[in-house]
Each structure stands twice: as C-alpha cells, then as structure tokens.
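Let me begin by presenting the structure, written as structure tokens, before commenting on it.
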Amino acid sequence: MEYFDIVVEFVGDITSISPTILRPFLGTIFIILIVKAFKIVITAMIRDFTRNKSKLYGRVHSASMFIDIFTVFLLVLFLGRYIDNISTFISLFISSLTLALKDIVVNAFYGIYIRKHKTFKIGDRIEVNGVKGDVVNFSRLTFDILEVKDEETGQSTGCIVSIPNNFAASKHIKNYNGGFKCIWTELKVNISRDADIEKTKEELYEIVNSIDAVNKVPIEIERELANIQTNYKIYYNDCKPIIYVDVHDKYYEFDIRYLMDAKKIRNVDDELWIKIVDADKKGKIALYREK
Numbered sequence: 385m386e387y388f389d390i391v392v393e394f395v396g397d398i399t400s401i402s403p404t405i406l407r408p409f410l411g412t413i414f415i416i417l418i419v420k421a422f423k424i425v426i427t428a429m430i431r432d433f434t435r436n437k438s439k440l441y442g443r444v445h446s447a448s449m450f451i452d453i454f455t456v457f458l459l460v461l462f463l464g465r466y467i468d469n470i471s472t473f474i475s476l477f478i479s480s481l482t483l484a485l486k487d488i489v490v491n492a493f494y495g496i497y498i499r500k501h502k503t504f505k506i507g508d509r510i511e512v513n514g515v516k517g518d519v520v521n522f523s524r525l526t527f528d529i530l531e532v533k534d535e536e537t538g539q540s541t542g543c544i545v546s547i548p549n550n551f552a553a554s555k556h557i558k559n560y561n562g563g564f565k566c567i568w569t570e571l572k573v574n575i576s577r578d579a580d581i582e583k584t585k586e587e588l589y590e591i592v593n594s595i596d597a598v599n600k601v602p603i604e605i606e607r608e609l610a611n612i613q614t615n616y617k618i619y620y621n622d623c624k625p626i627i628y629v630d631v632h633d634k635y636y637e638f639d640i641r642y643l644m645d646a647k648k649i650r651n652v653d654d655e656l657w658i659k660i661v662d663a664d665k666k667g668k669i670a671l672y673r674e675k
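So the sequence shown is numbered by my numbering: it starts at 385 and just counts up by one.
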C-alpha cells in the first residue's frame with residue numbers, strides 16, 4: 385500500500401485531483417491490469433500443459449470465466465472500503481447496470497442458459513434466423529458459428545458469424561446434432577426407362593451398403609437412441625438405407641435414402657457417385673442421358 389499511496393500522491397500533484405477520488409479510480413485500474421496479466425499467464429500455462437488439444441478451448445474458457453468472476457469480487461471488495469454502506473452500493477450498482485445494459489444482461493443470462501441446458505454445444509451444426517453453421521465459440525454475450533452453404537450438405541464458407549445469446553429464446557434454432565449426429569438425406573439417381581428396375585435397385589443397394597460410413601450409422605444410432613429416448617420421443621423402425629422408385633416420362637428416379645452425419649453427407653455423396661458412375665461404365669446400371 386505504501387507504493388500505491390506514493391502513486392496516488394504523485395498523480396494528485398500532477399492533476400490536482402483529490403486523493404479521495406484517485407484512490408478508488410487508480411485501484412480499480414491496478415486490479416484490472418494485474419488480473420489481466422494473471423489471465424495471460426494462466427492461459428499460457430494451460431496451453432503448455434494440455435496435451436489433448438481438443439480439450440484446450442474448454443479449459444481456457446472455463447479458466448477465463450472463473451478469473452472474470454473473481455475480478456468482479458475483488459473490485460466490489462476494494463470499492464466497498466470507500467463506501468459507507470456497501471450493501472446499498474451493490475444494490476444501486478446492480479439496478480443501474482441492469483437498466484443501462486439491459487441487452488447485455490439478457491445476453492449474459494442466456495449465455496448461462498445455453499451452457500446449463502446444453503441447447504447446443506461446440507461442434508454442433510445449427511441454423512439460427514436463416515444462418516447455418518458449426519458452433520465454434522461461446523462468449524459471455526454471443527456465440528460464434530462457422531458459416532456453411534445453404535444446402536443440406538453445405539461446406540464451410542470460412543465466414544465467422546456472431547449471434548447474440550438471446551436468439552436462443554427469441555428465434556427458432558435447428559440443431560442438426562441435437563438428438564444424435566445423423567439426419568436422413570437422399571441422393572437422386574435417374575435411370576433409363578429401358579433398365580430392369582429390380583436389378584438396378586439391387587445394384588444400388590450393393591453400392592450404398594459398400595460405403596463404410598453408411599454401414600456404421602445403424603450401430604451408432606441404436607446406441608445413441610438408448611441414451612436419448614429418456615428425453616426425446618424418437619423412434620426409428622429401421623436405420624438402414626432404403627431406396628424408393630418414382631416413375632417419370634423419360635426415366636426412373638431412384639431415391640437412395642440413408643442416415644448420415646450432416647457434416648459428412650457431401651463426402652459420402654461424392655463416394656456414392658464415383659461408384660455409381662463406375663457401375664454405369666461397367667454396364668451394371670444404365671444412367672439416364674438426355675438425347
């Protein structure tokens with residue numbers, strides 16, 4: 385405190401500001417600077433000692449929140465020394481802050497709500513207010529998503545979109561990983577009217593069932609369903625791929641319907657098309673071609 389008094393006296397001589405005003409003002413600045421330096425050191429230590437980098441974000445974020453809460457406690461404790469009735473000060477302070485920073489308070493509240501109720505988590509693909517993307521960060525007032533293209537199999541655009549936390553209550557949120565990671569998707573394949581429907585369907589079944597990622601889904605879904613059916617009334621009679629046929633004037637339309645992680649659909653469709661085109665070249669199926 386001796387050094388602090390020297391600083392207060394020095395600044396007071398320069399500015400002619402009363403020490404009564406300078407003490408809480410300079411003390412607040414010193415506390416914030418010290419805590420800021422402490423946070424940098426702690427973050428560096430966590431980064432150096434965390435071997436599993438997938439856990440790094442969560443640990444740094446948790447430590448940052450704890451330090452911020454501790455900072456508020458220190459500031460209230462410090463400033464209370466300069467106020468006769470600290471309880472009155474705290475009440476007035478909170479009331480004034482709530483009125484002046486209503487949106488910030490609401491967003492902070494819903495930030496806690498999202499984490500507690502796990503509305504969505506880091507890595508989930510969601511769509512909010514027409515914006516679709518993968519959740520990459522939670523902050524005190526917003527959450528950030530890495531935008532993907534509009535279509536179901538959309539890939540990242542590289543654009544980070546920050547969304548206020550209160551959107552979790554005021555907007556509809558579509559979570560593609562909410563119950564479990566997989567969603568139903570369809571790949572449409574047009575086949576010539578000269579082709580044998582049954583043989584074509586058998587060949588397409590053989591192709592889709594040859595994809596490892598597709599084969600693993602039914603096992604994963606059954607395991608996940610056992611865990612989530614206590615919270616959601618979700619029931620799937622069959623999780624295996626199924627193919628539907630629709631008849632058009634010039635071709636048959638085969639819809640290959642299968643369950644897949646929303647983030648992997650683009651890659652699986654690519655693998656399917658490569659095998660379908662190869663089967664067409666070998667004469668096993670007959671893709672429709674405009675004449």
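Just so you know, even glycine gets a beta-carbon here, dropped at the ideal spot from N, CA and C.
Check your understanding: From K502, W568 and K500, pick the residue whose C-alpha is nearest to that of I649; which is it?
Key -> Measuring from the Cα of I649, the nearest candidate turns out to be W568.
**Study point:** Option nearest H556 by Cα separation, candidates D508, F462, N513 and F457
**Key:** N513
Check your understanding: Taking only beta-carbon atoms, is D508 less than 7 Å away from chain D?
Key -> Annotation note: the requested chain D is absent from the structure, which comprises a single protein chain.
Review point. Whole beta strand (DSSP E) runs in the region 564-589 with 3 or more residues, listed along the chain?
Key: 566-576
Review point. Anyone know if the C-beta pair for I595 and E531 falls short of 7 Å?
Key: no
Check your understanding: What is the residue span of the beta strand (DSSP E) that L530 lies within?
Key -> T526 to V532
Practice item. Return helix, strand or coil for K558, following the three-state DSSP convention. Key: If DSSP states are grouped into helix, strand and coil, K558 belongs with the strands.
Point to revise | Own chain partners of D664 with C-beta closer than 6 Å, once the 5 adjacent residues on each side are dropped | key: Annotation for D664: L671 place their beta carbon closer than 6 Å to its own, counting only its chain and skipping 5 residues before and after.
Review point. According to DSSP, is P625 helix, strand or coil?
Key: DSSP, read as helix, strand or coil, puts P625 in coil.
Exercise for review: Pick helix, strand or coil for I669, following the three-state DSSP scheme.
Suggested key: coil
Practice item. Please classify F504: does DSSP put it in a helix, a strand, or coil? Key: coil
Point to revise | the region 538-549 contacting the region 627-634, beta-carbon criterion three pairs below 8 Å | key: no
Practice item. Look up R678 in the DSSP assignment and give the residues it is bridged to. Key: Coverage of the chain is limited to positions 385 through 675, which leaves residue 678 absent and any answer about it impossible.
Review point. For D630, which residues does DSSP report across the bridge?
Key: E637
Exercise for review: With DSSP collapsed to three states, give me the class of I547.
Suggested key: DSSP places I547 in strand when its eight states are reduced to three.
Exercise for review: With DSSP as the reference, please indicate the residues paired to Y642 in a beta bridge.
Suggested key: T569
Check your understanding: Leaving out the 5 sequence neighbours to the left and right, which residues in its chain are closer than 8 Å to T427 when beta-carbon positions are compared?
Key -> V444, A447 and S448
Check your understanding: Between E587 and I669, is the Cβ-Cβ spacing less than 7 Å?
Key -> Yes. Within cutoff.
Exercise for review: Let me know the secondary structure DSSP gives T434 once reduced to three states.
Suggested key: coil
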